[in-house]
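Protein chains: 2
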Amino acid sequence: MNPIKGHLAPRSALHDFLAPDSIAVVGASLDPTKRGYKAMVGLVKDGYPGTIYPINPKADQILGIKAYASLADLPGPADLALICTPAPSVPELLRQCGANGVKGAVILASGFGETGTEGARLEQELLAAARDAGVRIVGPNTSGIFNLHQKVNLLALDNVKPGDIGIVSQSGNMLLSLALEAQHNGQVGFSTYVGPGNQTDIGFEDYLRYLGEDVHTRVATLYVEGFRDGRAFLDVARETTALKPVVVYKSGATEQGQKAASSHTGALAGSYAMTVDLLRQAGVSVVQYSDEILPVAEGLGLLQQARGKRVAVLADGGGQATIASDRLAEAGLELAELSDTTRSRLGEILFPQASLANPVDVAGSTDTKPSLLADCMAILAEDEGVDSVFLVGMFGGYSIRFAEELLGDEMRGAESMIELARKTDKPLVIYSLYTPIKPPALRRLHEAGLPVYYSIEHAVRVLAALGERGHYLSTCADHDVPSALTPAPEMQAVFARARDEGRDLLEPEAKTLLRTHGVDVPIERLARGAEDLAAVASEFGERPVAMKVVSKDILHKSDAGGVRLNLQGEVALRAAHAAIMASCQTYDPAAEIEGVLVSPMARKGVEVIIGVSRDPIFGPVLMFGLGGIFVEVLEDVAFRAIPLSRHDARSMVEQIKARKILGGVRGEAAVDQEALVDLLLKVSSLVEAYPDLKELDLNPVIAYDDGYAVVDARVIVTENPVIEEADS
Amino acid sequence: MNPIKGHLAPRSALHDFLAPDSIAVVGASLDPTKRGYKAMVGLVKDGYPGTIYPINPKADQILGIKAYASLADLPGPADLALICTPAPSVPELLRQCGANGVKGAVILASGFGETGTEGARLEQELLAAARDAGVRIVGPNTSGIFNLHQKVNLLALDNVKPGDIGIVSQSGNMLLSLALEAQHNGQVGFSTYVGPGNQTDIGFEDYLRYLGEDVHTRVATLYVEGFRDGRAFLDVARETTALKPVVVYKSGATEQGQKAASSHTGALAGSYAMTVDLLRQAGVSVVQYSDEILPVAEGLGLLQQARGKRVAVLADGGGQATIASDRLAEAGLELAELSDTTRSRLGEILFPQASLANPVDVAGSTDTKPSLLADCMAILAEDEGVDSVFLVGMFGGYSIRFAEELLGDEMRGAESMIELARKTDKPLVIYSLYTPIKPPALRRLHEAGLPVYYSIEHAVRVLAALGERGHYLSTCADHDVPSALTPAPEMQAVFARARDEGRDLLEPEAKTLLRTHGVDVPIERLARGAEDLAAVASEFGERPVAMKVVSKDILHKSDAGGVRLNLQGEVALRAAHAAIMASCQTYDPAAEIEGVLVSPMARKGVEVIIGVSRDPIFGPVLMFGLGGIFVEVLEDVAFRAIPLSRHDARSMVEQIKARKILGGVRGEAAVDQEALVDLLLKVSSLVEAYPDLKELDLNPVIAYDDGYAVVDARVIVTENPVIEEADS
């Protein structure tokens, strides 16, 4: 089973008040419907061992504990203040907290930024007061916190037990739902819960660092509606996932992303798909459905990660073996190929009619001896070609379905499975159809830390998460980012000029930037006027060329009639040039035209698109996909946060659904994927080296079996900060 | 709520023995581990009111019931025989059953066709014996049957209660799993269960007809590994789904389909995707995940179907409202636009901070009065723009979470919801995070026939199934199939000739067939030799044309160098012709070449593909998709069983994921979808009219904004039956 392996050195200031020695309840109440009463009950009932200071100007005591009129009256400092009073009272209370030496305040009140302008002003006031007072804030607009190992149950939840799942949830109902599921499950417990609320002071990244450091937390589980600083979260996640699993459910899977972008790449960024890709890049286990959060967190907490994708399925019924196989394939897992030794060892203990291929179907062999299942699992776990073992069927129910006398053997089977789990470094994942009625053998497994799943679907999600985590950890070594690129002074000058002129890079400038740093851009010539065409024509000879207008004022060159293809010879070039000039002048009479760019027609290949945008939440992000309808209609793209490691670049090429096309279809050769990987890494370094590069589109890049060609390139330059004029 | 509306006139012979007045247990046993003992226990314990005849040559009585040495000794006939003895004994026992007047026999033994050749022989012997004896067979290799309303519990399952879900499952474990889930659920019960086993005599279609007729069955639920006669199943399903919901889980979602096919269409047919499309065409509710079978069956049984896709979500927490919205969008459902009246009525009873857009978030309004939720549901259900109401959150748990005193109001809320469900014709679907601990209000809802779901995900699957069923029933009127097409004698002659010559139709023949029946195929000319080219050239003038070789021996025309494009004028035609002839003769010196087909180059448009194959299980099937990589790489296609209704044809065009492209992307005009629908219907009628047409590929068809052009057509002809020579 999975030990807690290590922890970040304690650095988070959150420990000071999320594991407090003393708590002030501001707004402690005698009214049982109030949070200020419930919190007191939660602390008292759970036996909080620290000091409790109820604050209530009208009461002498609450639940038998001496009450104080205000924070100023306390005999000593409180580590934590729970503030249950309405929004307008909070800033002043924070000042009092500061005076008292309170380290952190949990602010339940709503009525801040989430309600509009006036609330936002109050929230700023609150933040300023907290900063002045040196008090950190959880919330406002939070459902509260608990720390069950410290008996700090400020939510007064019944029937939650201490355990090793830490939770940060922006939805109070979600926490409640997880708590009730845990109660029903019977074995799962929680360490710390925090509702981050408006994240005015402390954001998800801070809470994650805390959970990463917390010795009682084995799995950090987060329900996220929105990150405040996505980039910071990714950084903390990368550190944390190296030590313990981080499970994230991100809501808003179908929301349309923010569309701040002026380029095509931007329109697809900011989406749920992007967020998921970036989280996975940082090793986070992303859960897609809300009812899988707890099963996956439990599995990642208790079970070994898998070394690979090869699953051995052991079943006592063909139907569920088939269902398991279907789900495994859908989840990207494989049925392990069993060795001859494994098959013959299984053959020795099972009936002749048993199926020894994977899925292994015992075909009745275990009906009178269910403990044989444990023996089979041990044999499967010893197979070098097996990464995880998946038991599917009615274990735990043999003594119910067949004969009560089997209970002893079934319990022995459970003990053997527990023993095996201790010895092997492979995960044992167990689904039993008897889970709903919790028979003794399943209870025993669960108590010993071997979870048993209610549905094949959930069990497979756990197997997938264990496999993904194992894959992530085993490829960590490849996660190093190539060393940065030195910006070229002449290109920095180009950016500076563009900024000064309030324009983006012209296509030739963008391509020069790429060429400067070793990107393959086909040769091309800028003809500033008709007088340059003769030289250009003689250079390209009879090769067919393309001609495109160059103008900072014309973004949509085709629409402006600014593109002509398949031209051969000087006569054709001259005709095309005249046509382009006429057409573009009609399109935009004011357009400043630099000239036309002439380049050889690109060979046929596979069109791909590479884009960069700077996401307001996650910072610079790279996008990769096949060109045309794959991006525009199917949205079949992959995202990674910049900077990329080689592993990241490779994984994004492998991720897109249409990757088969890169492998060669309809008789085409496979494209040179390593060249694309190199290109992705180059683009990533480029973005790091030139902070003025705001967005970049290479669309299309034509990929060949021997490299690629960047056919069109667009670079958008960060605007100069607008200098606001003072009101006059 | 959803009444059982009517039934097929009883026609199925299965009633005679699935609701038997007397049962013989052949192999009744005193050994508690034997099925022959368990079955006796099941009958006795459940109080089976009919006559039980234990058959055991060595016992006088079993469980106090007089035993007989053989079927021949029975004092009267048995409607049903449960045969618990090994495979080799079965054929003789069936003869005895016949003599006794047994109507149906349930054969548990395995060791038949599923084990190999010898078993298959025994299975044939068994079938022959049953036919001779006039006895119908359930199985062999079945887990058995039960009919709980008749107290026939031959599986001796504990804790299953009579109810209205009928089950046919090829997996015994799946039945067990559903039974345990039902036990845990507490409200769901079953009518009849049958394990069809090898379907040697009775197949899924027969069992479905029985469940359709059975007055105790409100929902027919099937777990299917393989259909024996898929076409017959579709026919029965179409009749049954008009009366009651039919839920199917088909295993083998990721199996590679059978590849009997010689054409491209065939390779994609036989797949899971095809099976799902055909089942849905017949109105079946297909369930994708095994853990959704019971929730969906329960929901379809108890709730109204929805009139449309517009869901009103009512939530008491923003987080779960967002999750619900995400899942609804993924399932193809919409958030209803609430009317002004609805909003203002909600506004009158909720706090000012409540969100009155959909999802409606009560924002604390119900914390002290949970019954307000029922009032909100009533308001939402009255909105004309709402098709179903989805309650999401903590209903049932208010009295646990907030204050015990709320229990009375919460129970009143439950009563109001029950009342509303009785009055409204819209489904009310309820998710509560308190479901795991079954508080009183939720128990009350459930008892009154309003299911409460454990996860938002499952609840949304139920909403989707209700919406799909409502959509199916409301479009039933469009399901009429256009009247058949009369075959043309000259085309029948073409088929006859091709069959005689052991070849498929030549491209010009296939196109003539299409043209004969009104399909738009561009004009083209066959040049049998170089001497015809002058006339062809003068006909097409300066229009660019394509030239393709015509030969029954050359299937892959491009590979053979048999295609030339973009030819203009006689000189070009002659050169191309010479090149094609030379190239094809090199490619296959023995090829008989009929000539070349010359046709104008097709205008640019959207390539689609239409294919027909004859599936061994489901009969003639039509496939539609976009051409090229959409079919080959993305497998984005839709299938329907032939004959198609206009509704079917339209729905397949709407089904494909890349349908956006038909609507016009990248500045292209939308294609004429009605013309494509007409074409699909024509092809469907064509296949019906010409039984010799085995497969058909129209690939590509170019779709335009004003019609379409069939650019290539291939028709494969049914082989003459091979006449086997007698062994000599």
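Just so you know, the protein sequences line up as chains A and B, in that order.
Under numbering that gives the first Met the number 0, the first residue of the first sequence is numbered 0, with each subsequent residue one higher.
Under numbering that gives the first Met the number 0, the first residue of the second sequence is numbered 0, with each subsequent residue one higher.
In this text, a Cβ means the ideal position worked out from N, Cα and C, and glycines have one as well.
Cβ neighbours of residue i in the same chain (closer than 7 Å, five flanking residues each side left out)
i	result
Arg237/A	Ala281 and Gly282
Leu107/A	Arg34, Ile82, Cys83, Gly138, Thr141 and Gly143
Asp213/A	Gly165, Ser190 and Thr191
Val714/B	Asp503, Leu504, Ala509, Leu512, Leu692 and Leu695
Thr220/A	Ile164, Gly165, Ile166, Val246, Ile292 and Ala296
Between the CA atoms of residue j and residue i - distance to the nearest angstrom
i	j	result
Ala129/A	Ala23/A	16 Å
Asp531/B	His576/B	11 Å
Ala260/A	Leu625/A	The pLDDT assigned to Ala260/A is 28, lower than 50, so where the model puts this residue is not dependable; a value taken from the coordinates is nonetheless given after this. Those two C-alpha atoms are separated by around 20 Å.
Ile616/A	Leu405/B	43 Å
Tyr430/B	Gly118/A	32 Å
Asp386/B	Pro426/B	8 Å
Ile378/B	Ala335/B	13 Å
Ser168/B	Ser650/B	30 Å
Gly110/B	Ala86/B	6 Å
Gly466/B	Lys308/B	6 Å
Phe539/B	Val611/A	50 Å
Ile592/B	Ala492/B	21 Å
Ile722/B	Arg658/B	Reliability fails at Ile722/B, whose pLDDT of 46 lies under 50, so the model's placement of it is uncertain and the value that follows must be treated cautiously. Using only the alpha carbons, I get a separation of about 47 Å.
Proximal residues to residue i (C-beta, below 8 Å), its chain only, five neighbours per side dropped
i	result
Arg496/A	none
Phe494/B	Leu504, Tyr689, Asp691, Leu692 and Val716
Bounding residues of the beta strand (DSSP E) (the contiguous stretch that carries residue i)
i	result
Leu379/A	Looking at the DSSP string, Leu379/A is not in any beta strand (DSSP E); the run it does join, the alpha helix (DSSP H), is Leu371 to Glu381.
Asn357/B	First-last for Asn357/B: undefined, no H or E at that position.
Ala640/A	Val636 to Ala640
Met393/B	Looking at the DSSP string, Met393/B is not in any beta strand (DSSP E), and its letter there is neither H nor E.
Residue i, enclosing alpha helix (DSSP H) - first and last residue
i	result
Asp59/B	Segment: none, Asp59/B is in no alpha helix (DSSP H) and carries neither H nor E.
Ser398/B	Tyr397 to Arg400
Arg306/B	Careful: Arg306/B lies outside any alpha helix (DSSP H) and carries neither H nor E.
Gly97/A	Val89 to Asn99
Leu406/B	Leu406 to Lys422
Gly469/B	Ile455 to Ser473
Leu675/B	Gln672 to Ala688
Sequence-distant residues of its chain with Cβ nearer than 6 Å to residue i (five each side left out)
i	result
Val101/A	Ala77, Ala80 and Val134
Gln255/A	Per-residue confidence for Gln255/A stands at a pLDDT of 29, beneath the threshold of 50, marking its modelled position as unreliable; no derived number is given.
Ala688/B	Leu484 and Pro486
Leu572/B	Leu532, Ala536 and Leu566
Ala601/B	Ile701, Ala708 and Val710
Val562/B	Lys547 and Lys556
Val361/A	Asp315, Leu349 and Ala353
Ala323/B	Val312, Val391 and Ile455
Ala181/A	Val187
Asp317/B	The displayed chain sequence assigns Gly, not Asp, to residue 317/B. Correct list, in chain order: Asp360.
Ala440/A	Gly395, Glu409, Met410 and Ala413
Supposed contact pair residue j and residue i - C-beta distance, whole angstroms, cut 8 Å
i	j	result
Tyr47/B	Val151/B	6 Å
Asp635/A	Ile609/A	At roughly 14 Å, the Cβ-Cβ gap does not stay under 8 Å, so Asp635/A and Ile609/A are not in contact.
Val310/B	Leu337/B	With 8 Å as the limit, Val310/B and Leu337/B do not qualify as a contact, their Cβ atoms being about 11 Å apart.
Ile417/A	Leu462/A	That pair is no contact at about 19 Å.
Leu70/B	Val25/B	7 Å
So if I threshold CB-CB distances at 8 Å, which residues from the region 184 to 204 of chain A count as touching chain C? This model lacks chain C altogether, as its protein chains are A and B.
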